[in-house]
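Sequence lines, in order, name chains A and B. The numbering of the first sequence is the numbering used here, which starts it at 1 and goes up by one. The numbering of the second sequence is the numbering used here, which starts it at 1 and goes up by one.
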Amino acid sequence: MTEGVVGTTEGIGAAVSRANAIRASAVVGLFMLASAWTYAIDARYLYFSAYLWFGFVYGMSLQYGRFCMASAIRDLFAVGVPRMAVGIMIAVVLFSLVSAAVTVAGRSTFHASPIGLYSVAGGAIFGFGMVFTGGCATGSLYKTGEGSISALLVVLSLSFTQAFFVETNLLDALVPASWTSSAAAKSMPAQLTVTQGWYDQFLAGYVWDLKSVVAGDALGFSSPFAKAFIGNSLVNAILPAIAILAVIYVVWYRKGWLRRNKDAAPGLGREVAGWWSMVTASKRTAIAGLVLGVAAGLQMWVMQALQQKFGISNAGELLAALGHTSGLSLQDTVFDPGYFYVTTQEAQGAAWVLAQLGMNMTQNIFFGMENGIPSPLANPVLWMSVSVVGGSMVMALLANEFKLKMPTREIAVWAIGGGILMGIGARVGLGCNIGAFFATVTNGDPSGWLFGLGMTGGGWLGVKFFNWWIERKMAKETPLGF
Amino acid sequence: MYRLFTPFAWLFPGLRRGSGGQGVAVARAVEVPGHGAVVADDCLDLSGQNCLRTNLATKRALDGARPGSVIEIVSDNLSSVETIPFMLAGHGCVHLGTLHLEGTWKIYARKQGADEGGSE
């Protein structure tokens, strides 16, 4: 009996089902309606729409390229496939160049993170967790858009874990005395109890005492062009990315390439050809990396331009002007990075839900003093996360790839457990694979590489553990028939 | 550990009990573009599995396949569908094609014989 064939993955653009085309149009229509309706109410809602549509582009790109940092680490260590790791390095190089241009133009909204070992620790916990969930923070978002309920469980687990983690006092016994005394010595608002709560003391008593720097400044460049392009982009992003690609090529790709190209003349030309073959092996991933890199840089430009247009430095001022006065921080600010970010706004969403259930979520630095807890409808950065899901959904529908997938109980447990680790890691590392790695290394902040190092190490450990677990399970299961 | 979910199973009727472990599908003939009619000797159904499990199970299957045999890998995990073709060469297999059917993908790989360089 011969099965009918719809097509190969190479020719999949051929036939979008009518139902999927209608669904995709509905999603796009919903976002367009939200943009148009809010703009009609007040033109300043354009700020929200900018976050929304950039998120939409990210979602489409992530889904198209199956772009996921968990995949990058997992596939490399588990099965020796460097596709995703290569794609990420492409995105890093491109984003760094666009970011440098944005910085030179005086449009950057980036702020470097303090440099410290906390980045390695946070990255390690995050990386370990994301192996179990099957997706990083952005990977889980775009896979939610594809219909994966286990990915949605990861997003929810990660979000609520963060909210609990920054508020809880349960870990106070683990706080070093030096953190407590350093936090107490800072002039903090009376409404915050910064000598209670592990996370408050971690921030006020440890992180805030560390120095932050960008490579361009550290290298002593005075010219803005040299600072941005040579210091931040070339030294902090491009050269390390090339070095990583070289290691990946030598360790994971070269042997197979040489076996497949026995007739190629030995020498530098053959190695360059092999290296280029590795970089272009997956067109989807390369294209996604290119779009993500450019769009992420452009978003900084656009958001800063809108801040100038509306005469604000933080979306909190905008919310207040628009009448959304509840949920602002003590400084009348909200989380407003001005670039691609994921975990903080998700934590805000979870905290808002918990606040509606009666929990006091504002007696801490993270929400109470820095980021606020605006309503999800009045949280522009959360609009971006929602539209990442939407963009991914549209791309999946147009490719007939959307499928509602319910997890098994085992996968649900991994998703929730891994999400908890990712949530803790994201807060300890002051961000996730995007906020603490991708956005930082591409803007000259070396702390991003510390997070990346931790994430890679934690991911490696996660792969080793999961490999052992799966092998153990598969050995017990029914033989596969061959 | 998974029994903790049992009292809540009525909330999530879709949560499948089983581990969704690899199913073995009956071998059948399939038309693979560029290769004509192909009969898959060994079939591995990994629908519903997460990325890592899909990749590891595939790796195990590829290493255990008989030289010359055709393996059909069924998956609905897009990340793995993208990764698996890149895995094949490292396990002595060639990629015959990937079919996108309703909500699922089928990847066809042929294990090379020792004389074809499929020594791994």
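Cβ coordinates follow ideal geometry from the N, Cα and C atoms, glycine included.
(request) Under 7 Å between beta-carbons, which chain A residues line up against Lys59 of chain B? List them in chain order, please. (result) Residue mapping note: residue 59 of chain B aligns to position 59 of the second sequence, counting from 1. Simply Val79.
(request) Apply the 10 Å Cβ neighbour rule to Leu487 of chain A and answer buried if 16 or more other Cβ atoms are within range, or exposed otherwise. (result) Nothing in the structure corresponds to residue 487 of chain A, since chain A is present only between 1 and 482.
(message) Which residues in chain B have a C-beta closer than 9 Å to the C-beta of Asn467 of chain A? List them in chain order.
(response) Working through the first sequence from its first residue, we reach residue 467 of chain A at position 467. Close partners of Asn467 of chain A in chain B (Cβ separation under 9 Å): Leu52, Leu56.
(request) Return helix, strand or coil for Ala70 of chain A, following the three-state DSSP convention. (result) Within the first sequence, the letter at position 70 stands for residue 70 of chain A. Helix at Ala70 of chain A.
(request) May I have the straight-line CA-CA distance separating Gly429 of chain A from Ile373 of chain A, to the nearest angstrom? (result) Residue numbering aside, residue 429 of chain A sits at position 429 when the first sequence is read from its first letter. Residue numbering aside, residue 373 of chain A sits at position 373 when the first sequence is read from its first letter. Distance from the CA atom of Gly429 of chain A to the CA atom of Ile373 of chain A, rounded to whole angstroms, is 21 Å.
(request) Whole angstroms is fine: what's the gap from Ser150 of chain A's alpha carbon to Ala412 of chain A's? (result) As a position in the first sequence, residue 150 of chain A is number 150, starting the count at 1. As a position in the first sequence, residue 412 of chain A is number 412, starting the count at 1. Cα-Cα distance, rounded: 6 Å.
(request) Quick one: grab the DSSP three-state call for Tyr47 of chain A. (result) As a first step, residue 47 of chain A is located in the first sequence; it is residue number 47 there, counting from the start. Here DSSP, grouped into helix, strand and coil, assigns Tyr47 of chain A to helix.
(message) Tell me which residues of the region 259-281 of chain A have at least one Cβ-Cβ distance to chain B shorter than 8 Å, keeping chain order.
(response) Residues of the region 259-281 of chain A that bring their beta carbon within less than 8 Å of a beta carbon in chain B comprise Arg259, Arg260, Ala281, in sequence order.
(message) What would DSSP say about Glu108 of chain B, mapped onto helix, strand or coil?
(response) Reading the second sequence from its first residue, position 108 is the one you call residue 108 of chain B. Reading off the sequence shown, one finds Tyr at residue 108 of chain B, where the question assumed Glu. Residue state, collapsed to three classes: strand.
(message) Suppose contacts are defined by Cβ-Cβ distances below 8 Å. Is Ile107 of chain B in contact with Val81 of chain B by that definition?
(response) Taking the second sequence and counting its residues from 1, the one referred to as residue 107 of chain B is at position 107. Taking the second sequence and counting its residues from 1, the one referred to as residue 81 of chain B is at position 81. For Ile107 of chain B and Val81 of chain B, yes; Cβs fall inside 8 Å.
(request) Using the Cα positions of Leu354 of chain A and Asp42 of chain B, report the straight-line distance between them to the nearest angstrom. (result) Here residue 354 of chain A refers to the residue found at position 354 when the first sequence is read from its first residue. Here residue 42 of chain B refers to the residue found at position 42 when the second sequence is read from its first residue. Distance between the alpha carbons of Leu354 of chain A and Asp42 of chain B is about 50 Å.
(message) Tell me which residue opens and which closes the beta strand (DSSP E) that Ser75 of chain B is part of.
(response) Indexing the second sequence from 1 puts residue 75 of chain B at position 75. Residues 70-75.
(request) Taking only beta carbons into account, state which residues of the region 403-424 of chain A come closer than 8 Å to chain B, listed in chain order. (result) The region 403-424 of chain A vs chain B, Cβ under 8 Å: Lys403, Lys405, Met406, Pro407, Thr408, Arg409, Glu410, Ile411, Ala412, Val413, Trp414.
(request) Show which residues of chain B have a CB atom less than 9 Å away from the CB atom of Ile434 of chain A. (result) Along the first sequence, one-based indexing puts residue 434 of chain A at 434. Under a criterion of Cβ atoms nearer than 9 Å, no residue of chain B is adjacent to Ile434 of chain A; the nearest Cβ is some 17 Å distant.
(message) Give me the subset of the region 51-73 of chain A whose CB atoms are less than 7 Å from a CB atom of chain B, sorted by chain position.
(response) If the cut-off is 7 Å between Cβ atoms, the region 51-73 of chain A has Arg66, Cys68, Ser71 near chain B.
(request) Give the interface partners of Gly103 of chain B over in chain A, defined as CB-CB distance under 7 Å, in chain order. (result) Here residue 103 of chain B is taken as the residue at index 103 of the second sequence, counted from 1. Simply Lys403.
(request) Can you grab the Cα-Cα spacing for the pair Pro407 of chain A / Val38 of chain B, in whole Å? (result) For this step, residue 407 of chain A is matched to residue 407 along the first sequence. For this step, residue 38 of chain B is matched to residue 38 along the second sequence. If I take the Cα positions, the gap works out to 32 Å.
(message) So, does the region 245-255 of chain A touch the region 219-231 of chain A, judging by three or more C-beta pairs under 8 Å?
(response) The way I'd put it, the region 245-255 of chain A doesn't touch the region 219-231 of chain A; fewer than three beta-carbon pairs between them come closer than 8 Å.
(message) Once DSSP output is grouped into helix, strand and coil, what is the label at Asp172 of chain A?
(response) Within the first sequence, the letter at position 172 stands for residue 172 of chain A. Helix, per DSSP.
(message) Could you give the first and the last residue of the continuous beta strand (DSSP E) run that contains Cys43 of chain B?
(response) Taking the second sequence and counting its residues from 1, one reaches residue 43 of chain B at position 43. Counting along the chain, the beta strand (DSSP E) containing Cys43 of chain B begins and ends at 42-45.
(request) Determine, using beta-carbon pairs with one atom in the region 334-348 of chain A and one in the region 285-303 of chain A, whether at least three such pairs fall under 8 Å. (result) Counting Cβ pairs under 8 Å, three or more are found: they touch.
(message) In the DSSP output, what is Cys93 of chain B paired with across the bridge?
(response) Numbered from its first residue, the second sequence carries residue 93 of chain B at position 93. BP columns for Cys93 of chain B point to B:Lys111.
(message) Counting only C-beta atoms, is Asn20 of chain A closer than 8 Å to chain B at any point?
(response) Working through the first sequence from its first residue, we reach residue 20 of chain A at position 20. Residue-level contact check: Asn20 of chain A does not touch chain B, since none of the beta carbons of chain B fall below 8 Å from its beta carbon.
(message) Less than 7 Å between C-beta atoms, sequence neighbours within five positions excluded: which residues of the same chain meet that for Lys143 of chain A?
(response) For the purposes of this step, residue 143 of chain A is identified with residue 143 of the first sequence, where counting begins at 1. Counting only Cβ-Cβ distances below 7 Å, and skipping sequence neighbours, we find Gly135, Ala151.
(message) Per DSSP, what are the beta-bridge partners of His100 of chain B in this structure?
(response) In the second sequence, counting from the first residue as 1, residue 100 of chain B sits at position 100. DSSP, once it has assigned bridges, lists B:Trp105 as partnering His100 of chain B.
(request) Answer yes or no: does any C-beta atom of chain B fall closer than 8 Å to that of Glu167 of chain A? (result) Within the first sequence, residue 167 of chain A is the residue found at index 167, counting from 1. Contacts with chain B at 8 Å (Cβ-Cβ) do not include Glu167 of chain A.
(request) May I ask which residues mark the beginning and end of the beta strand (DSSP E) holding Gly36 of chain B? (result) Locating residue 36 of chain B in the second sequence gives position 36, counting from the first residue. Unbroken beta strand (DSSP E) run through Gly36 of chain B: 36-39.
(message) Could you check whether the region 384-396 of chain A touches the region 191-200 of chain A, counting it as contact only if at least three pairs of C-beta atoms, one from each stretch, sit closer than 8 Å?
(response) Not touching, per the Cβ criterion.
(request) Give every residue of the same chain whose Cβ lies closer than 6 Å to the Cβ of Gly21 of chain B, excluding the five residues on either side of it in the sequence, and list them in chain order. (result) Numbered from its first residue, the second sequence carries residue 21 of chain B at position 21. A caution first: Gly21 of chain B carries a pLDDT of 46, below 50, which makes its placement in the model unreliable, though a value can still be read off. For Gly21 of chain B, there are no CB contacts under 6 Å within the same chain when 5 residues up- and downstream are skipped.
(message) Across the region 205-220 of chain A and the region 414-424 of chain A, are there enough close Cβ pairs to call them in contact, namely three or more that are closer than 8 Å?
(response) No, they do not touch.
(request) Go to Val131 of chain B, then tell me how far its beta strand (DSSP E) extends in each direction, as first and last residue. (result) There is no way to answer for residue 131 of chain B, as the model of chain B reaches only from 1 to 120.
(message) Please state the DSSP three-state secondary structure of Thr408 of chain A.
(response) Here the question's residue 408 of chain A lines up with position 408 in the first sequence. Thr408 of chain A sits in a strand when the DSSP states are folded into three classes.
(request) Just list the alpha helix (DSSP H) runs in the region 400-472 of chain A, keeping only unbroken ones of 4 residues or longer that don't cross its boundaries, in chain order. (result) Fully contained in the region 400-472 of chain A are the following alpha helix (DSSP H) runs of length 4 or more, in chain order: 409-428.
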